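Numbering-wise, the sequence shown is residues 914 to 1028 according to the working numbering.
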Amino acid sequence: QVQLVESGGGLVQPGGSLRLSCGASVNFFSMYGMGWYRQAPGKERESVAVISSGTSIDYADSVKGRFTISRDNAKNTVYLQMNSLKPEDTAVYYCNVNYRGLVYWGQGTQVTVSS
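#1: Does the beta-carbon of E919 have 16 or more other beta-carbons within 10 angstroms, so that it is buried, or is it exposed?
#2: Report yes if the C-beta distance between V976 and A962 is below 9 Å; otherwise report no.
#3: Does DSSP put E919 in a helix, a strand or coil?
#4: Under the three-state reduction of DSSP, which class applies to S966: helix, strand or coil?
#5: Look at V991 and S943 and say whether their C-beta atoms are less than 9 Å apart.
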């Protein structure tokens, strides 16, 4: 059974930084693309950043230049470095993986940007 566990969320002031981590219990982790998504209260879940098994990376326009997605295949972990955070980045952040045709989600980690 696939498990994804996010960590690293918290309360941060505008302009601050956080790094989210997502550990995955996935065999052959390096073969699968991973993604970070977020859902703010009253809004639909949206894609933030995705990273392929190769070198392809894509970001939502709202986070380009501020967020960086990366992966450590040796640790079965994907990261989301978030800089210059804004109040509108406040949301629950989830990671996901499309593993053998099924999409799995973590439990989410809360990020709150507020002064």
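Just so you know, even glycine gets a beta-carbon here, dropped at the ideal spot from N, CA and C. All values reported here derive from a predicted model rather than from experimental measurement.
Reading from the atomic positions:
#1: Position 6 of the sequence shown, counted from the start, is the residue given in the question as residue 919. With 16 or more Cβ atoms within 10 Å of its Cβ, E919 is classed as buried.
#2: Along the sequence shown, one-based indexing puts residue 976 at 63. Along the sequence shown, one-based indexing puts residue 962 at 49. Closer than 9 Å, so yes.
#3: The residue labelled residue 919 in the question sits at position 6 within the sequence shown. The answer is strand: DSSP assigns E919 an E or B state.
#4: Residue numbering aside, residue 966 sits at position 53 when the sequence shown is read from its first letter. Under the three-state reduction of DSSP, S966 is assigned to coil, being neither helix nor strand.
#5: Position 78 of the sequence shown holds residue 991. Position 30 of the sequence shown holds residue 943. Taking 9 Å as the cut-off, the Cβ atoms of V991 and S943 do not count as close.
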